[in-house]
Amino acid sequence: MEFQFLTMTQQEAQEIAFKWHYDGQYAFYDMEADRGDLEEFLDPAERKGIVFAAYMAGALAGFISITRQDAETIELGLGMRPDLTGRGLGSSFLAAGLAFAKAHFSFFRVTLAVAAFNMRAIRLYEKYGFSQTAVFKQQTNGGEYDFLKMDYRLLPPSAEAVIRTLMSEIGTVLNGNFAGFYIHGSLAMGGFNPARSDADVLVITAQPLSVHEKQQLRKILLIRSLESLPIEITVMNKEQLTKWQHPSPFDFHFSEVWRYRTDQPAADPDLAAHLTVLKHRGFCICGEPAAKIMPEIPWPDYVDAILSDFDDCRKAPMINPVYSVLNAIRVLMAVKERMIASKKEAGDWGLGELPEEWHGLVRLAADNYASGKDKEMDSMKVDEFLGYIENEIKQEMRNGHAEENYRSGLL
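Its first residue numbered 11, the sequence shown is counted upward by one per residue in this note's numbering.
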């Protein structure tokens, strides 16, 4: 189910406050159960910028509140329409709410409070990755009740320390030119594996980088990348974002592939893919929220970028067969269903949507990716699979993606 979040109107607030009534012990969550909470919820000034209505299939389905606690932390609150509770929608609602928060706020950590009796919600949060950090009592609804405080960190411990150090050192080098630090790729979309994944970072600057700044950034990255995980980073200035062109120019790039190279192209077609992922699935650690600063990349530019990547895999699939297989699937997902997927999500989709004859290969690629192992993958089978995916992509593009057809050169 897809959810859309909009600034809450007074009419929506009144509907929730006076018409939403929960059964049994969950009546605890009725807005009218606590006069102070009710008055605060109905006050437009109190809601401004922090309370959002959630719509599903065109109907008001819930709400979320996002309150900044400090520079690194937001507090999340959620409520779902009574008739929708207990129907298995909680996971998608929570995921959508967090995705909305990532796009519109900058933070490292999410915290929330849940009534201790609400085991249904507690299990949902724990399944998503929240952990219990404290138990406390709170006066509400005319009495004193036990609550659990639960926290969720955007980055796994193996990556957070690296990202914090990197951001601090880059901020020091760039000083007043530093405008934002953003995460995309598997760190943002899930499926990050320290044994296989790198940290995908975009840094935004106010002005173009000087030669000295580029030299200092390179020194930092030669040390930090591979210290605990490989880093792929691109630096763009604000003008390069606002005056979008494809392939896009950039100021600086570093990755392990580029470790020993000093020459850099003036533009990179892959940035269309990186920025699309960042706008829709990535998040901001420091600076303006991704939804505000990132341009809306034309879909044909995104498709052109990922098809180019697929073409590279097609030419040399066994350099990284796990990537070749899972990346091919997510390219098909984009062309067929306009989905922006991680490699983990591609594996899951492939097992659910592709013919059974390919399930063994897809499962092996997905297992290798998740475990960090390198169980042997048959080169002929990989090549046959990529040929199958290529034909599926061509068929989809013949069925109604004329602009992508022309620009990609696939047909």
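Beta carbons: idealized from backbone N, C-alpha and C, even for Gly. No experiment lies behind these values; they were computed from the predicted model shown.
Is it a yes or a no for the segment 339 to 354 touching the segment 165 to 174, going by three-plus beta-carbon pairs under 8 Å? Three or more Cβ pairs closer than 8 Å define a contact, and the segment 339 to 354 falls short of that threshold against the segment 165 to 174.
Name the DSSP beta bridge partners of E22, please? The residue you call residue 22 lines up with position 12 of the sequence shown. According to DSSP, E22 bridges with nothing at all.
Should the segment 220 to 234 be regarded as contacting the segment 373 to 382, the criterion being three or more beta carbon pairs within less than 8 Å? no
Could you check how far apart the C-beta atoms of G201 and K354 are, in whole angstroms? I think they sit under 8 Å. Translated into positions along the sequence shown, residue 201 becomes position 191. Translated into positions along the sequence shown, residue 354 becomes position 344. Going by Cβ atoms, the distance from G201 to K354 rounds to 3 Å, so yes, they are a contact pair.
Quick check for students: name the residue ranges of the alpha helix (DSSP H) that lie wholly in the segment 79 to 125, counting only runs of 4 or more. 100 to 114
What are the residues that DSSP puts in a beta bridge with M246? The count along the sequence shown starts at 1 and reaches residue 246 at position 236. DSSP, once it has assigned bridges, lists I214 as partnering M246.
Work out the CA separation of E249 and H369 for me, nearest whole Å. Position 359 of the sequence shown, counting from 1, holds the residue named residue 369. Position 239 of the sequence shown, counting from 1, holds the residue named residue 249. Distance between the alpha carbons of H369 and E249 is about 45 Å.
Do you know offhand how far I233's Cα is from D314's? Working through the sequence shown from its first residue, we reach residue 233 at position 223. Working through the sequence shown from its first residue, we reach residue 314 at position 304. Each residue's Cα considered, the two are about 34 Å apart.
In the DSSP assignment, find the unbroken beta strand (DSSP E) run with Q148 in it and report its ends. Locating residue 148 in the sequence shown gives position 138, counting from the first residue. Segment 141 to 150, the beta strand (DSSP E) holding Q148.
Let me check understanding here. Comparing Cα to Cα, which of F146, L158, A113 lies closest to Y135? Residue 135 sits at position 125 when you count from the first residue of the sequence shown. Of the candidates F146, L158, A113, the one whose C-alpha sits nearest the C-alpha of Y135 is L158.
Boundaries (first-last residue) of the beta strand (DSSP E) holding E154: Start at 1 with the first residue of the sequence shown, and residue 154 comes out as number 144. Unbroken beta strand (DSSP E) run through E154: 153 to 163.
One question on the structure: do V120 and I132 come within less than 7 Å of each other, judged by their Cβ atoms? Numbered from 1 along the sequence shown, position 110 holds the residue referred to as residue 120. Numbered from 1 along the sequence shown, position 122 holds the residue referred to as residue 132. It is not a contact, given that the beta carbons lie outside the stated cut-off.
Counting along the chain, where does the alpha helix (DSSP H) carrying G201 start and finish? Counted from its first residue, the sequence shown places residue 201 at position 191. Looking at the DSSP string, G201 is not in any alpha helix (DSSP H), and its letter there is neither H nor E.
Pull up the distance between the alpha-carbon of F57 and that of E50, whole angstroms please. Locating residue 57 in the sequence shown gives position 47, counting from the first residue. Locating residue 50 in the sequence shown gives position 40, counting from the first residue. Contrary to the premise, residue 57 reads as Arg rather than Phe in this sequence. The alpha-carbon atoms of R57 and E50 are separated by roughly 8 Å.
Is the Cβ-Cβ distance between Q274 and H284 less than 7 Å? As a working mapping, residue 274 is identified with position 264 in the sequence shown. As a working mapping, residue 284 is identified with position 274 in the sequence shown. For Q274 and H284, no; Cβs fall outside 7 Å.
If I measure Cβ to Cβ from V341 and keep anything under 6 Å in the same chain, skipping five residues before and after, which residues do I get? The residue given as residue 341 occupies position 331 in the sequence shown. Taking C-beta separations shorter than 6 Å and ignoring five residues to either side along the sequence, the partners of V341 in its chain run I316, F320, following chain order.
Opening and closing residue of the alpha helix (DSSP H) in which L281 lies: Locating residue 281 in the sequence shown gives position 271, where the first residue counts as 1. Unbroken alpha helix (DSSP H) run through L281: 281 to 291.
In angstroms with no decimal places, state the Cα-to-Cα distance between R206 and Q142. Mapped onto the sequence shown, residue 206 falls at position 196. Mapped onto the sequence shown, residue 142 falls at position 132. Going from the Cα of R206 to the Cα of Q142 covers about 29 Å.
Less than 7 Å between the beta carbons of S265 and E242, yes or no? In the sequence shown, the residue the question calls residue 265 occupies position 255. In the sequence shown, the residue the question calls residue 242 occupies position 232. Contact: yes.
Using 8 Å for Cβ pairs, my map puts A69 next to M18. What's the rounded Cβ distance? The residue you call residue 69 lines up with position 59 of the sequence shown. The residue you call residue 18 lines up with position 8 of the sequence shown. Contact flag wrong, Cβ pair sits at about 15 Å.
Taking 8 Å as the threshold, find out whether the segment 78 to 85 comes into contact with the segment 19 to 30 through three or more Cβ pairs. no
Please confirm if the segment 146 to 157 is in contact with the segment 102 to 114, defined as three or more CB-CB distances below 8 Å between the two stretches. no
Rounded C-alpha distance that separates D280 from G34: For the purposes of this step, residue 280 is taken as residue 270 along the sequence shown, with counting starting at 1. For the purposes of this step, residue 34 is taken as residue 24 along the sequence shown, with counting starting at 1. D280 and G34: Cα-Cα distance of roughly 53 Å.
Between the segment 356 to 375 and the segment 295 to 315, can you find at least three pairs of beta-carbon atoms closer than 8 Å? no
Check whether chain D comes within 7 Å of P166, counting only Cβ atoms and requiring the distance to be less than that. In the structure shown, chain D does not exist; there is a single protein chain.
Can you tell which of E237, F188, N409 has its C-alpha closest to the C-alpha of I295? Looking up residue 295 in the sequence shown gives position 285. Looking at E237, F188, N409, the one whose alpha-carbon comes closest to that of I295 is F188.
Length of the line joining the Cα atoms of A161 and D208: Counted from its first residue, the sequence shown places residue 161 at position 151. Counted from its first residue, the sequence shown places residue 208 at position 198. At residue 161 the sequence reads Asp, which differs from the Ala that was named. Each residue's alpha carbon lies about 25 Å from the other.
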